[in-house]
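Residues in the sequence shown are numbered consecutively from 49, following my numbering.
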Amino acid sequence: AKLLVLSSDLDEMVLALKRLFSPLKRLGIPTEEFFDTVGLTLRMLPVVKREALRRIKRQPSEGLTLYERIGGWVNVLVPLLVDTIKVPESFLDKTVSENRNR
């Protein structure tokens, strides 16, 4: 499975999964929309991860108790989740610009 993931393009894998599960459309299961969503989610994960790490690095961590550190994570991750839901375009713009710079 790891070899397949490393050697295949994300779009190719999503397209293959769409084709594999296409017979389920006859049962009324929206497989195409599901795998489109999966593809977008997988594309956004690295961007969201980098943004989370960037926000976490700004949080003070020395001298804090475990409870305070967990609170710091919550203070970072909840707004990040809200941002990705409210303004997904900003994260997609970051993805597009990062891909152009490669």
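Cβ coordinates follow ideal geometry from the N, Cα and C atoms, glycine included. Treat the numbers as computed from the prediction; the structure is a model and nothing was measured.
Element boundaries [alpha helix (DSSP H), containing Pro94]: First-last of the alpha helix (DSSP H) with Pro94: 79-105.
Helix, strand or coil at Asp110 according to DSSP, with G and I counted as helix: Sequence check: residue 110 is Glu here, not Asp. The answer is coil: DSSP assigns Glu110 none of H, G, I, E or B.
Inter-stretch contact (C-beta, 8 Å, three-pair minimum) for the region 109-124 and the region 84-92: With contact defined as three or more Cβ pairs closer than 8 Å, the region 109-124 and the region 84-92 are not in contact.
Beta-carbon proximity check, Pro127 vs Arg102, cutoff 9 Å: no
Through-space distance from Arg98 to Glu81, alpha-carbon basis: Straight-line Cα distance between these residues: approximately 27 Å.
Reduced DSSP secondary structure (H/G/I, E/B, other) of Val122: In the structure shown, Val122 falls within a helical segment according to DSSP collapsed to helix, strand and coil.
Gly120 to Val130 span [Cα, whole Å]: 16 Å
Distance between beta carbons of Leu114 and Gly87, contact taken as under 8 Å: With a beta-carbon spacing of about 37 Å, Gly87 and Leu114 fall beyond the 8 Å limit used to define contacts.
Rounded separation between Asp141 and Phe69 - CA only: 30 Å
Proximity winner among Gly76, Leu72, Ala100, Val135, relative to Val122 (alpha-carbon distances): Of the candidates Gly76, Leu72, Ala100, Val135, the one whose C-alpha sits nearest the C-alpha of Val122 is Ala100.
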